[in-house]
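Before any comments, here is the structure.
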Amino acid sequence: MDTRHFRTLFISDVHLGSKAAKADFLLDFLRYHDADTIFLVGDIVDGWRLKRSWYWPQVCNDVVQKLLRKARKGTRVVYIPGNHDEFLRDFPGMHFGGIEVAERMMHDGADGKKYLVLHGDEFDVVVRNARLLAYLGDWAYDTAIKINVVLAAIRRRMGMPYWSFSAWAKLQVKHAVNFIGEFQRVVADEARKHGADGVICGHIHHAVIEDMDGVRYINTGDWVESCTAIAEHEDGTFELITWSTMADAQAIPLAIEHRDGQLEPQAA
Numbered sequence: 014m015d016t017r018h019f020r021t022l023f024i025s026d027v028h029l030g031s032k033a034a035k036a037d038f039l040l041d042f043l044r045y046h047d048a049d050t051i052f053l054v055g056d057i058v059d060g061w062r063l064k065r066s067w068y069w070p071q072v073c074n075d076v077v078q079k080l081l082r083k084a085r086k087g088t089r090v091v092y093i094p095g096n097h098d099e100f101l102r103d104f105p106g107m108h109f110g111g112i113e114v115a116e117r118m119m120h121d122g123a124d125g126k127k128y129l130v131l132h133g134d135e136f137d138v139v140v141r142n143a144r145l146l147a148y149l150g151d152w153a154y155d156t157a158i159k160i161n162v163v164l165a166a167i168r169r170r171m172g173m174p175y176w177s178f179s180a181w182a183k184l185q186v187k188h189a190v191n192f193i194g195e196f197q198r199v200v201a202d203e204a205r206k207h208g209a210d211g212v213i214c215g216h217i218h219h220a221v222i223e224d225m226d227g228v229r230y231i232n233t234g235d236w237v238e239s240c241t242a243i244a245e246h247e248d249g250t251f252e253l254i255t256w257s258t259m260a261d262a263q264a265i266p267l268a269i270e271h272r273d274g275q276l277e278p279q280a281a
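With positions in the sequence shown counted from 1, the corresponding number in our numbering is that position plus 13.
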């Protein structure tokens, strides 16, 4: 499979250090995708879980080394910390092995539009105001993810692509759906306040490209449930990609934005 090159790639919520992280899928994705600039939009390393129990298999090192190697070869790599890797927020403007750290950043699209890039946890009331509740929710989420592990093993043996039970279940809960909608609205409002045409974020593990009252809202998804990334083409259009199989993996575009701003859903 040939390597695809983009102007910009946006990746978030990998959660390296968590047993649920699909680090092998991400490593495979990075082998076949390259860009002039790569934004790591938070929660790349899961400091919360590493504090509870150290888990760092070789594939986590491989992902880090792959990103560092891309940086050495000329790719601009920008790391915007999230709540799970908030320890990096103490180092804005610093460079680590060619990877620069920033709290948030304004991205100039190829088409002249401006996009505010941030993780998004500052707009999550639970994370901001009830840290204990957030930790408990994180624990419950881990339990749901364990179900994913069993299902994924069964589907792999049957030759079926990866599918996330926890992501599906989350979208069946009315409260979760309402939260996602409210989160999207508040983040879009933040972009509007800063005079941006759009916002690119992560945090809620729900990948999407859509317009919200004149602001383009883009969420990168995650590499725990959906294995998704956002790619910006040379003409400024965006593509939402899911990486659902390994080895001879085929990237499945979920939505492609056309020059006129319309979105064309793609069949999975």
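Glycine included, each C-beta is placed from N, C-alpha and C at the ideal position.
Option nearest residue i by Cα separation, candidates the options
i	options	result
R117	L101, G110, T88 and V237	L101
L53	S239, G249, T250 and D235	D235
D26	E99, M119, H246 and D103	E99
H55	R198, V228 and H218	The residue asked about is misnamed: residue 55 is Gly in this sequence, not His. Checked all of R198, V228 and H218; the closest Cα to G55 is H218.
S239	W67, Y230 and W256	W256
Y45	K64, I57 and F19	F19
I112	I51, V162 and G95	I51
K79	G215, I193, T241 and F38	F38
L81	F109, G122 and W61	F109
I24	D248, V237, T250 and E247	V237
L40	V76, P70 and R62	V76
F136	V162, M14, I243 and V200	V200
E195	R168, Y230 and R170	Y230
Residue i - partner residues in DSSP beta bridges
i	result
H18	D47
L164	Answer is none; L164 lacks a bridge partner.
L129	M119 and V212
R89	T50
I112	V90 and F109
Coarse secondary structure for residue i, derived from DSSP in three states
i	result
W69	coil
R82	helix
E135	helix
R117	coil
F23	strand
E247	coil
K64	helix
F38	helix
A33	coil
V76	helix
L146	The predicted position of L146 is uncertain, since its pLDDT is 41 and thus under 50; no value can be drawn from it.
F100	helix
(request) Could you tell me whether the stretch 86 to 95 touches the stretch 32 to 44, using the rule of 3 or more Cβ pairs below 8 Å? (result) Flag = no, the stretch 86 to 95 and the stretch 32 to 44 do not touch.
(request) May I ask you to verify whether the stretch 215 to 223 touches the stretch 102 to 116, counting CB pairs closer than 8 Å and requiring at least 3? (result) The stretch 215 to 223 vs the stretch 102 to 116: no contact.
(request) Could I get the ranges of all uninterrupted beta strand (DSSP E) runs contained in the stretch 192 to 243, with 3 residues as the minimum, in chain order? (result) Annotation note: the stretch 192 to 243 contains the following uninterrupted beta strand (DSSP E) runs of length 3 or greater, listed N- to C-terminal: 211 to 214, 221 to 225 and 228 to 232.
(request) Assess, as a yes-or-no matter, whether the stretch 115 to 130 is touched by the stretch 201 to 214 under the definition of 3 or more beta carbon pairs within less than 8 Å. (result) At 8 Å Cβ cutoff, the stretches touch.
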